[in-house]
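K.L.:
Numbering (our numbering), first residue to last: 309 to 432.
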């Protein structure tokens, strides 16, 4: 989810955190009030920063989660997903995208356009 969408959709993030807690994830960090903020990655030579929506650990492995909602800026969202996927591969972590009802088709089309498989998708 891009920064502009986070303000309006904190309930989706909170329901995602509850879902992850029920699945056994621990040390959950989220980019909303009341939780520790995950580490941000800053692009060298500019002021662009990328922060995953949720970071959690399970069985000793770090997992990066990003929430997918219909967005006015799909290109920015795609670049964020590709970056988080690359970072997770470099660090032997996992990257998943969480989406909710009403956003499934949009998310699947976005994943298809950047050649990520539907295995990255968690539907709540």
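Just so it is clear, CB atoms sit at the ideal spot from N, CA and C, and this is done for glycine as well.
How long is the line joining the alpha carbons of residue 416 and residue 426, rounded to whole angstroms?
P.N.:
Position 108 of the chain shown, counted from the start, is the residue given in the question as residue 416. Position 118 of the chain shown, counted from the start, is the residue given in the question as residue 426. Distance between the alpha carbons of residue 416 and residue 426 is about 7 Å.
K.L.:
Less than 8 Å between the CB atoms is what I'm expecting for residue 401 and residue 428, so what's the real figure, rounded?
P.N.:
Indexing the chain shown from 1 puts residue 401 at position 93. Indexing the chain shown from 1 puts residue 428 at position 120. 13 Å between Cβ atoms; not a contact.
K.L.:
Count the other CB atoms, across all protein chains shown, that sit within 10 Å of the CB of residue 398; report buried if there are 16 or more and exposed otherwise.
P.N.:
Position 90 of the chain shown holds residue 398. Burial call: exposed.
K.L.:
Where does residue 374 land, buried or exposed, given buried means 16+ other C-beta within 10 angstroms?
P.N.:
Start at 1 with the first residue of the chain shown, and residue 374 comes out as number 66. Counting Cβ neighbours within 10 Å, residue 374 comes out buried, since at least 16 surround it.
K.L.:
Could you give the DSSP three-state label for residue 334: helix, strand or coil?
P.N.:
The residue given as residue 334 occupies position 26 in the chain shown. Three-state DSSP puts residue 334 in a strand.
K.L.:
Using only alpha-carbon positions, find the residue among 411, 389, 367 and 423 that is nearest to residue 332.
P.N.:
In the chain shown, residue 332 corresponds to position 24, counting from 1. When only C-alpha atoms are compared, the closest one is 367.
K.L.:
Just verifying my parser: in three-state terms, what is the DSSP assignment at residue 316?
P.N.:
Within the chain shown, the letter at position 8 stands for residue 316. Here residue 316 sits in coil by DSSP.
K.L.:
Take the Cβ of residue 352 as the centre, count every other Cβ of all protein chains shown within 10 Å, and call the residue buried at 16 or more, exposed below.
P.N.:
As a first step, residue 352 must be located in the chain shown, where it is residue number 44. Exposed.
K.L.:
Can you list, in chain order, the residues of its chain whose CB lies under 6 Å from that of residue 327, leaving out five sequence neighbours each side?
P.N.:
As a first step, residue 327 must be located in the chain shown, where it is residue number 19. Closer than 6 Å at the Cβ level, and outside the excluded window around residue 327, lie 432.
K.L.:
Is DSSP giving residue 402 helix, strand or coil here?
P.N.:
Here the question's residue 402 lines up with position 94 in the chain shown. Strand at residue 402.
K.L.:
Look up residue 363 in the DSSP assignment and give the residues it is bridged to.
P.N.:
Taking the first residue of the chain shown as position 1, residue 363 is located at position 55. Looking at the DSSP assignment, residue 363 forms a beta bridge with 337 and 372.
K.L.:
Which term fits residue 376, buried or exposed, when burial requires 16 or more other beta carbons within 10 angstroms of its beta carbon?
P.N.:
Within the chain shown, numbered from 1, the residue matching residue 376 stands at position 68. So residue 376 ends up on the buried side.
K.L.:
Measuring only the C-alpha atoms, how far is residue 355 from residue 382?
P.N.:
As a working mapping, residue 355 is identified with position 47 in the chain shown. As a working mapping, residue 382 is identified with position 74 in the chain shown. Cα to Cα, the separation comes out at about 20 Å.
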